[in-house]
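Student: Heads up: take any position in the sequence shown, counting from 1, add 9, and you land on our numbering.
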Amino acid sequence: MLGHWEIRGFGTFVATRKDTGGIVGGFGPHFPAGRPERELGWCIWDAAEGGQGFAFEASAATRAHVYDSLGWSTAVSYIHPDNAESIRLAQRLRCALDPGAEAPAKVPPPLVFRHPDPADLR
(Lines of atoms letter the chains of each structure in order from A and count residues from 1; the text may use other names and numbers.)
(Lines give C-alpha, C1' and ligand atoms only; values in the text may rest on other atoms or scores of the structure.)
Protein backbone atom coordinates (compact mmCIF):
# COMPACT_ATOMS: atom_id res chain seq x y z
CA MET A 1 0.00 0.00 0.00
CA LEU A 2 2.76 2.44 0.89
CA GLY A 3 4.68 1.62 -2.28
CA HIS A 4 1.62 2.44 -4.35
CA TRP A 5 1.49 5.91 -2.76
CA GLU A 6 5.20 6.40 -3.53
CA ILE A 7 4.99 5.20 -7.13
CA ARG A 8 1.59 6.58 -8.18
CA GLY A 9 1.13 9.51 -5.81
CA PHE A 10 -2.18 8.11 -4.58
CA GLY A 11 -3.52 5.03 -2.90
CA THR A 12 -6.09 3.59 -0.57
CA PHE A 13 -7.19 5.15 2.70
CA VAL A 14 -8.06 3.46 5.95
CA ALA A 15 -11.49 4.45 7.27
CA THR A 16 -12.25 4.56 10.97
CA ARG A 17 -15.44 4.80 12.99
CA LYS A 18 -16.15 8.26 14.40
CA ASP A 19 -17.65 6.84 17.59
CA THR A 20 -14.95 4.33 18.58
CA GLY A 21 -11.97 5.08 16.35
CA GLY A 22 -11.98 1.43 15.29
CA ILE A 23 -10.78 0.59 11.79
CA VAL A 24 -13.55 -0.22 9.31
CA GLY A 25 -11.58 -1.04 6.16
CA GLY A 26 -9.61 0.22 3.18
CA PHE A 27 -11.07 2.35 0.41
CA GLY A 28 -9.86 4.36 -2.52
CA PRO A 29 -7.88 4.62 -5.73
CA HIS A 30 -5.76 1.75 -6.92
CA PHE A 31 -3.74 1.28 -10.13
CA PRO A 32 -1.18 -1.51 -9.80
CA ALA A 33 1.02 -2.52 -12.72
CA GLY A 34 -0.79 -4.69 -15.22
CA ARG A 35 -4.25 -3.31 -14.57
CA PRO A 36 -5.96 -1.84 -17.64
CA GLU A 37 -7.57 1.11 -15.80
CA ARG A 38 -7.48 3.04 -12.57
CA GLU A 39 -9.78 1.46 -10.02
CA LEU A 40 -11.75 2.52 -6.99
CA GLY A 41 -11.78 -0.28 -4.49
CA TRP A 42 -13.30 -1.02 -1.12
CA CYS A 43 -12.90 -3.63 1.55
CA ILE A 44 -14.61 -3.95 4.93
CA TRP A 45 -12.07 -5.70 7.17
CA ASP A 46 -14.49 -6.93 9.84
CA ALA A 47 -17.76 -8.48 8.67
CA ALA A 48 -19.45 -7.08 11.80
CA GLU A 49 -18.97 -3.59 10.31
CA GLY A 50 -20.79 -4.51 7.09
CA GLY A 51 -24.27 -3.31 6.24
CA GLN A 52 -23.96 -0.03 8.13
CA GLY A 53 -23.24 2.26 5.18
CA PHE A 54 -19.52 2.67 5.86
CA ALA A 55 -18.47 1.29 2.47
CA PHE A 56 -20.91 3.55 0.63
CA GLU A 57 -19.85 6.67 2.53
CA ALA A 58 -16.13 5.98 2.19
CA SER A 59 -16.36 4.97 -1.48
CA ALA A 60 -18.42 8.02 -2.43
CA ALA A 61 -15.93 10.26 -0.62
CA THR A 62 -12.89 8.70 -2.27
CA ARG A 63 -14.57 8.92 -5.68
CA ALA A 64 -15.20 12.63 -5.12
CA HIS A 65 -11.53 12.96 -4.13
CA VAL A 66 -10.15 11.31 -7.28
CA TYR A 67 -12.47 13.29 -9.53
CA ASP A 68 -12.04 16.67 -7.80
CA SER A 69 -8.47 16.54 -6.47
CA LEU A 70 -6.69 14.08 -8.76
CA GLY A 71 -8.50 15.08 -11.96
CA TRP A 72 -9.71 11.62 -12.93
CA SER A 73 -12.47 11.60 -15.55
CA THR A 74 -13.37 7.94 -15.17
CA ALA A 75 -12.86 5.00 -12.85
CA VAL A 76 -13.84 1.36 -12.67
CA SER A 77 -14.31 -1.19 -9.94
CA TYR A 78 -13.31 -4.80 -10.64
CA ILE A 79 -15.61 -7.16 -8.76
CA HIS A 80 -15.58 -10.95 -8.45
CA PRO A 81 -18.81 -12.24 -10.03
CA ASP A 82 -19.79 -14.03 -6.79
CA ASN A 83 -19.35 -10.94 -4.58
CA ALA A 84 -23.01 -9.93 -4.31
CA GLU A 85 -22.38 -7.32 -1.59
CA SER A 86 -19.81 -5.46 -3.70
CA ILE A 87 -22.06 -5.65 -6.76
CA ARG A 88 -24.90 -4.09 -4.72
CA LEU A 89 -22.55 -1.37 -3.49
CA ALA A 90 -21.40 -0.60 -7.05
CA GLN A 91 -25.04 -0.30 -8.12
CA ARG A 92 -25.81 1.94 -5.14
CA LEU A 93 -22.87 4.13 -6.20
CA ARG A 94 -24.59 4.38 -9.61
CA CYS A 95 -21.93 2.33 -11.39
CA ALA A 96 -22.91 0.51 -14.56
CA LEU A 97 -21.71 -2.89 -15.68
CA ASP A 98 -19.30 -2.30 -18.59
CA PRO A 99 -19.03 -5.62 -20.48
CA GLY A 100 -16.84 -4.04 -23.19
CA ALA A 101 -14.15 -2.88 -20.75
CA GLU A 102 -10.92 -4.80 -20.44
CA ALA A 103 -10.63 -6.75 -17.20
CA PRO A 104 -7.49 -7.91 -15.40
CA ALA A 105 -6.39 -11.44 -16.27
CA LYS A 106 -7.91 -13.42 -13.41
CA VAL A 107 -9.93 -16.59 -13.08
CA PRO A 108 -12.81 -16.07 -13.06
CA PRO A 109 -12.62 -12.74 -14.85
CA PRO A 110 -13.95 -9.91 -12.69
CA LEU A 111 -16.98 -7.90 -13.64
CA VAL A 112 -16.09 -4.33 -14.60
CA PHE A 113 -18.34 -1.64 -13.15
CA ARG A 114 -17.89 1.86 -14.60
CA HIS A 115 -18.37 4.78 -12.21
CA PRO A 116 -20.51 7.69 -13.40
CA ASP A 117 -18.88 10.60 -15.16
CA PRO A 118 -17.95 13.38 -12.70
CA ALA A 119 -20.43 15.77 -14.35
CA ASP A 120 -23.26 13.30 -13.74
CA LEU A 121 -22.59 13.39 -9.99
CA ARG A 122 -23.06 17.15 -9.62
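Yeah, the Cβ is synthetic: ideal placement off N, Cα and C, and Gly gets one too.
(1) Please classify Ala-84: is it buried, with 16 or more other beta-carbons within 10 angstroms of its beta-carbon, or exposed?
(2) Between the Cα of Trp-14 and the Cα atoms of Arg-26, Phe-40, Asp-28, Pro-118, which residue gives the shortest distance?
(3) Please determine, among Ala-114, Gly-37, Ala-128, Val-33, the residue with the shortest C-alpha to C-alpha distance to His-89.
(4) Could you tell me which residues DSSP puts in a beta bridge with Phe-122?
(5) In this structure, how does DSSP classify Glu-46 when only helix, strand and coil are distinguished?
(6) Where does Val-75 land, buried or exposed, given buried means 16+ other C-beta within 10 angstroms?
Tutor: A quick look at the data gives this:
(1) Taking the first residue of the sequence shown as position 1, residue 84 is located at position 75. Burial call: buried.
(2) The count along the sequence shown starts at 1 and reaches residue 14 at position 5. Trp-14 has its Cα closest to that of Phe-40, out of Arg-26, Phe-40, Asp-28, Pro-118.
(3) Mapped onto the sequence shown, residue 89 falls at position 80. Here the closest residue by C-alpha is Ala-114.
(4) For the purposes of this step, residue 122 is taken as the residue at position 113 of the sequence shown. Answer is Ser-86, Leu-106, bridged to Phe-122.
(5) Against the sequence shown, residue 46 aligns to sequence position 37. In this structure, Glu-46 counts as coil in the three-state DSSP scheme.
(6) By 1-based counting over the sequence shown, the position of residue 75 is 66. When all chains shown are included, Val-75 counts as buried.
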